[in-house]
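Just so we're aligned, residue 1 is where the sequence shown starts under the UniProt record's numbering, counting upward by one.
Note that CB positions come from ideal geometry on N, CA and C, so glycine has one too.
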Amino acid sequence: MIKIKIAEMLGKHKMSRKDLAEATGIRQATVGLLYNEEIKRIEVEWLDKICKVFNCSLTDIIDYYPDDMITEESSYVLQNNKLEEQPHLKRIIRTNE
1 MIKIKIAEML GKHKMSRKDL AEATGIRQAT VGLLYNEEIK RIEVEWLDKI CKVFNCSLTD
61 IIDYYPDDMI TEESSYVLQN NKLEEQPHLK RIIRTNE
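Structure follows, in structure tokens:
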């Protein structure tokens, strides 16, 4: 499972989706798909532009979790940023890293 953390980064940088679209030249609709984690394909050029805007590395905007580590519960937790509320899952994920 790949988790795209654009919403988190926008909040951290106090930016809107429109701000990100304007700063990167990426269409607002595409930024919306990234924000909602509904995008099916990501251009490397977009990742480069987003990292430049946020002054971050790729690992700050994308997380990867192998499918064999994901259960229904942990998938929900990861998708909804509730890992802090599930310490047992946090331990399992860290153990498998």
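Using CA coordinates, which residue listed in the options is at the minimum distance from residue i?
i   : options       : result
I6  : R27, E45, G32 : G32
I26 : Y64, E45, D67 : E45
D48 : L58, K18, K40 : L58
I4  : G11, L34, K18 : L34
What separation, rounded to the nearest whole angstrom, lies between the Cα atoms of residue i and residue j?
i   : j   : result
I2  : I62 : 7 Å
L20 : E37 : 15 Å
A29 : S16 : 13 Å
T24 : H13 : 15 Å
E9  : Y64 : Checking the sequence, you will find Met at residue 9 rather than Glu. Going by the C-alpha atoms only, they are around 16 Å apart.
H88 : E22 : Because the pLDDT at H88 is just 48, under 50, the model does not fix this residue reliably, and the point stays unresolved.
K52 : K40 : 22 Å
P66 : I42 : 19 Å
F54 : D60 : 9 Å
Taking only runs that begin and end inside the UniProt domain "HTH cro/C1-type" (6 to 61), name each unbroken alpha helix (DSSP H) of 4 or more residues, in chain order. Within the UniProt domain "HTH cro/C1-type" (6 to 61), the complete alpha helix (DSSP H) runs of at least 4 residues are 6 to 12, 17 to 24, 28 to 35, 44 to 54, 58 to 61.
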